[in-house]
Every structure is written in C-alpha cells, then in structure tokens.
C-alpha cells in the first residue's frame, strides 16, 4: 500500500493540506511516535500524571498541526505563525505537570505563580484545540462550568456555592488528576488508544474489506441481500471501529450503491447504513470507547462491561436485520447473482487469519482474565506478525518468489496504520480532556448533589419522566458532541440522580444499567436530525437529503431506543441475576447469571419483544398486518422485555407467566399471518 492511500483516510473535519515535505514528515513522525509511546507504556507503565501529560501533548500538537482555523482559508494550505505559536506553547504547557512532577508533588495545593499562569494558558489552549476538532459545543459547555465554578456565590440560591478562587480553580483543573488529567483522559491513555490502534491495524491489513466480502458471500443472493449484508458488515467492522461515522463511510461506500441497485430508495439505503453503522458502537469489544470509561467509573472489569452489553447489542443488530427483511419483502427486492460472491468457503478462508487477533483479544480478556491493556497489547502483537508475514505466505502458497519488498510491505502497513491511529485519536484526546473539566467541576462544587435536588424538585419521584428527560438531554448534547464526550458529560451529571431516584421508587438496579442507558441515547444522537453526523455521511454517499436520511434512520433505530428502558428495569437483559441490597452501587455486589437455559430464554424473549415492536412500527410481519394483529402485538413488547415490572404491578402473576403469554400471542399472530401467506400463494398459483 502506498502513502497516497493513507491520505484518503476519512476524517470528519477537513485537515490542513500542505505540499511541503518538512510539514508532512513532521506530522507523520509525531503520529508514529505517539503510537510507539502508547505501546511502550502499555508494556512499561509510567506514572499516571506523566503518561497523561505526554499523551495530551501529542494530541494537542497534532491538532494545531492538522486542523486550521476555519474562517482563515489560507490556513488550510500553509502553517500560519499563530498556529506555530499555539503548537509550541500548547505542547510546553501540557508537558509542565510531567516536567515539574516532583516539584508539584512537594507543594500540593500551595501553587507558585508560574504554576497558575501555565495552568490558565493550558486550559485556554485545550479549549481552542477542542473547538477545532469537535466544534464549539463542548468548549461552550466547559466554559459555562468554569464560570459556574468561579462565580458560584452569585448563582441562584438552589445552585449557589462559595465559589473557587482562580488559584484553586486553575490548580484543580490542571495540576491535579481531577480535571483535564482526570479519569476520562486516563482511560484514553490506558485503553482507548490501544483499541483504536488495533482497529486501525485490522483495517490496514485488509480485515474491513474481508468482513464486507464475507457478509455479501453469505447473504448477497437472498432477498434484499445487499441491505442484509450491510447490517452484518457494519456489525463486524463496528466491533473494532469505535466510530459510527467511520463505520458508515467504510462499509457504506460499498453497500449503499448496491442497495440502491437492488431496489431500495436512496433514503432507505442511506438510512439502513446509518442505523447499522451507529449500532456498531454498541458491539463489544470497543463499544465506541465508552466501555473502558464505564469500567473505570464503576470499578468493574472491562470483561464484565462486555458481558452486560452482549444481549442488548445482538438484539439490536438481529432486529435491524429483521427490519431489512421486512423492507425487502414489502418492496419485493431480489438478491444479487454475482459469481464473485458464490464461493462462500473460499471467501471465508481467504481472510480467516484476520479473526485470530480478535480471538486472542477475547481469550486474554474472558478466559485468561487479564486486563484490557494486556489483551489489546497481545492482540496488536499478534496482528503485527500477521501483517508482516501475510504477503510472503500468500506468495509461497501460489509458489511465487518471495522478495524483500513483500516483507517490507508488511512493515510499511504497520507504520501507516500507526500514523492513522494517531490522527484518529486527536479527537478523542481533545474530547476526554475537555470532558475532564466537567467532571472536575462536579467534584469541586458538589454540583451532582445540587442537580439531584433540582431534578427531584422538577420531576418529583417520577422515574419514567426522569429517564425521558435524560434521554432527551443525551440526544440534544449528542448533536454537538462525540459519543464518548456525550456519555461522560451526561453520566457525570445525571447518572447519580437517576440511580438514587430509582432506589427511592423501589427499583434495586445495578449502576451499570444507568450508565448504559445514557450511552445508548448518546449513540442515537449520531443519526438524529438536524445534526446527525452519520446521517450526513450516508446521505453524501447515497446522494440523498441528509435530513430525510436521518429521520428514516432514527425511525429504524426506535427499536434501539426502547432497549435502554427495558434493561434499566430488567437487569437480566444485562446478564445480571440480582444486586446486593446492602451495597447496590458496588460492582462486587452484582450476581451474574450463570444458567445457560435462563440466559437463552432471556435472549430469545428479548428478540421476540424487539421483533414485535419492529412489526408494529413497520405494519408488516409475514404479510401486511391487519389492525387487530398490530394491536395484539403491542403487549408482547413489555411482556417479553420487562415481565418483572408487569409482575411488580400485579399485571401478571410472575415474569415467566409473562414470557408464556408473550410467546403465545406472538406465535398466534405468526400463525394467522402464515395461513394468509399460504392462501395468497395458492391464489397466485391458480391465477
């Protein structure tokens, strides 16, 4: 692969394009050095403050090198003086806690004047860096929180506090691990970078195209095959992508034109890819990078977060597959008869080696019970070997001569994958640093407790109303924030409030259910009009209106919107059997489900509930649903997804009774539909 291919990597914000060799070599060198540094500290850990400081210095430096000021057009093609100043000043200021680490450790809270000056400059530069790569939304939110911290005594009584001095505020936000260098950035350093690098290496090795080829080989010839293959391919790439927009662009470039060719409209082709791409962030192991932050916030192992996410993620994807099938049946779509996709076994075997690093990752996490850092590091090391030897092995298999160039090609691919990973990480580094300001504000002012009182005053004890308000807040914030930042902001503000109100209403829920609730609605913001970034990406490929694509995609994703409400009240959907009533917020108080029969039952009923909901929305099952059939399917949704709540309010004797009733109704409607289907086929045959 050539360097030119690397320049075609998709980025959500237009980067600077300069022809000068020095500039390009500098950017590539810094990117490679950042990836190499992250691999080094994964094996030889550094002090927390030092590693976070160096990590953010790399991120800020690249942001000012790569992302120009939008209103200055010439800055897209040259490096203006002020960006050179910001580059040098930003890197120096952010490295200050690492350089003067021992001095700061000896004077905790008793900061020198130079400490405060550096802290203030650094905070301003971090805000500007975030604005360049993320837009103004997150920076404005951070500025509001900083103003609240400083002017707390002038706020309305219900949210007032004594206010923080400039010295205390700057020190807390920059010279401790409570603000910019807090948990969000720490997770970016420890986990997120390694998994982004892992995904970048897989993509560079050819795994992305392999997943697409396998999906089309399996499903291409079936009714609506291209759309079904799009769902599967997006799910596979979403496992390692971590970005809904990147997922849409990677898979959609190939699948959207084929969906249109198969008979889907531009809007529906784009919307299906949007729904599939956005849901990719729900798929373990990466889950849009939020899985690592959830684990860190809750003190849980990463493997436990993955376990909790399994049933909702697969229920989402399988039900989307069902939506695509219904759309295909309604439109009478056909499959594709391309010989390229006929040899399923040959296509599967052609890239089976790409699956081995994923198996290594899962083995290290789930069986060896090692940390997520060790799992990612081992998988990356295994992937390095694959990339170095895959080309020579292919040539040996066809009895071709293996040259030095074939081996060097693997090293070149590794190099450019490391460069691409660093470019992709700039956004995450800025987002987690800024999100740390919000988390730091909450710890500095006690805003969480204040907000709890405010929300309780507005909504009372109505937990459903609180959940709807939280979902709405996540969707609105998600229009301007990346998923990870959105999750950090909303979970920091609202998660404790929801949790306490749930306990007050008699619902003993695991805290992870609250955090996943926030995460799901943050993801849905990526296809929510008017600013759904993933919808704009898909609409560009489909040549459709982005607003209509976003609306249709959100309509498809309504099934995803009911899942968070379901697992909030029914923790069995998260594979959690029960929670210790003496300490429900402690991760150690969770009892995980272990009975395979019960796990299969919960998963099967979750699918029935999601399928019923999908059929009600689409007005279709085997055939077009009659009104009474549509009405009959409505109670299947709560009975299958939250039978425990129905039992709690004495609607049914127990949850297993709910499963039986839901299954019976679903089977009855299916039978009536199937009889109609056979009658129609018979009439068509005789006519």
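Residue numbers (the UniProt record's numbering): 1 to 687. Just so you know, even glycine gets a beta-carbon here, dropped at the ideal spot from N, CA and C. Only a predicted model underlies this, so the values are computations on that prediction, with no experimental measurement involved.
What are the complete alpha helix (DSSP H) segments, minimum 4 residues, inside the segment 287-341?
290-298, 302-331
Please report how far the alpha carbon of residue 513 lies from the alpha carbon of residue 506, in whole angstroms.
15 Å
Taking the alpha-carbon positions, what's the residue 726 to residue 383 distance?
Given a span of 1 to 687 for the chain in the structure shown, any question on residue 726 remains unanswerable.
Could you tell me whether the Cβ atoms of residue 724 and residue 527 are closer together than 7 Å?
Coverage of the chain is limited to positions 1 through 687, which leaves residue 724 absent and any answer about it impossible.
State buried or exposed for residue 398, treating a residue as buried only when at least 16 other CB atoms are found within 10 Å of its CB.
exposed
If we require 3 or more residues per run, which beta strand (DSSP E) segments fall completely within the segment 9-56?
none
Nearest-angstrom Cα distance between residue 248 and residue 235?
11 Å
Three or more C-beta pairs closer than 8 Å, one from the segment 318-337 and one from the segment 224-232: is that the case here?
yes
Unbroken beta strand (DSSP E) run spanning residue 579, endpoints
576-579
Of all the options 497, 49, 474, 486, which has the alpha carbon lying nearest to the alpha carbon of residue 458?
497
What three-state label does DSSP hand residue 590 in the structure shown?
strand
What does a CB cutoff of less than 8 Å around residue 406 pick up in its chain, not counting 5 residues either side in sequence?
391, 392, 395
How about residue 516 and residue 307: are their beta carbons less than 7 Å apart?
no
Given a cut-off of 7 Å on the beta-carbon distance, is the pair residue 98 and residue 63 in contact?
no
Helix, strand or coil: how does DSSP classify residue 572 here?
helix
For residue 490, tell me which candidate among 502, 473, 499 has the shortest Cα-Cα distance.
473
Taking only heavy atoms of the ligand NAP into account, decide whether any of them is closer than 6 Å to the Cβ of residue 563.
No copy of the ligand NAP occurs in the structure displayed, which carries no ligand at all.
Please report the straight-line C-alpha distance between residue 678 and residue 623, rounded to a whole angstrom.
10 Å
Decide if residue 592 is buried, meaning its Cβ has at least 16 other Cβ atoms within 10 Å, or exposed.
exposed
Residue from 105, 96, 107, 60 whose Cα sits closest to the Cα of residue 84
60
Backbone CA spacing between residue 415 and residue 32 [nearest angstrom]:
7 Å
Can you have a look at residue 674 and say buried or exposed, based on whether 16 or more other CB atoms are within 10 angstroms of its CB?
exposed
Distance check for residue 578 and residue 567, CA to CA, integer angstroms please.
13 Å
Is the segment 256-272 touching the segment 204-214 in the sense that three or more CB pairs, one from each, lie closer than 8 Å?
no
Roughly how many angstroms separate the alpha carbons of residue 172 and residue 186, rounded to a whole number?
16 Å
Quick one: any contact between the segment 181-196 and the segment 438-446, if contact means 3 or more CB pairs under 8 Å?
yes
Please report the Cβ distance between residue 641 and residue 600, rounded to the nearest whole angstrom; I am assuming they are in contact, meaning their Cβ atoms lie under 8 Å.
Not confirmed; about 16 Å, so no contact.
Does DSSP put residue 620 in a helix, in a strand, or in coil?
strand
Taking 7 Å as the threshold (C-beta atoms), are residue 139 and residue 127 in contact?
yes
So that I know if they touch, is there some Cβ in chain D lying closer than 7 Å to that of residue 201?
Going by chain labels, chain D is absent from the structure shown, which holds only one protein chain.
Over the uninterrupted alpha helix (DSSP H) stretch that includes residue 655, give me the two end residues.
655-686
Of the residues 605, 426, 668, which one's Cα is nearest the Cα of residue 657?
605
Give the DSSP-derived three-state secondary structure of residue 113 in the structure shown.
helix
Distance between residue 427 and residue 158 (C-alpha atoms, nearest Å):
35 Å
Mind checking which residues open and close the alpha helix (DSSP H) that includes residue 282?
Neither: residue 282 is in no alpha helix (DSSP H) and is coded neither H nor E.
Which of helix, strand or coil does DSSP assign to residue 132?
helix
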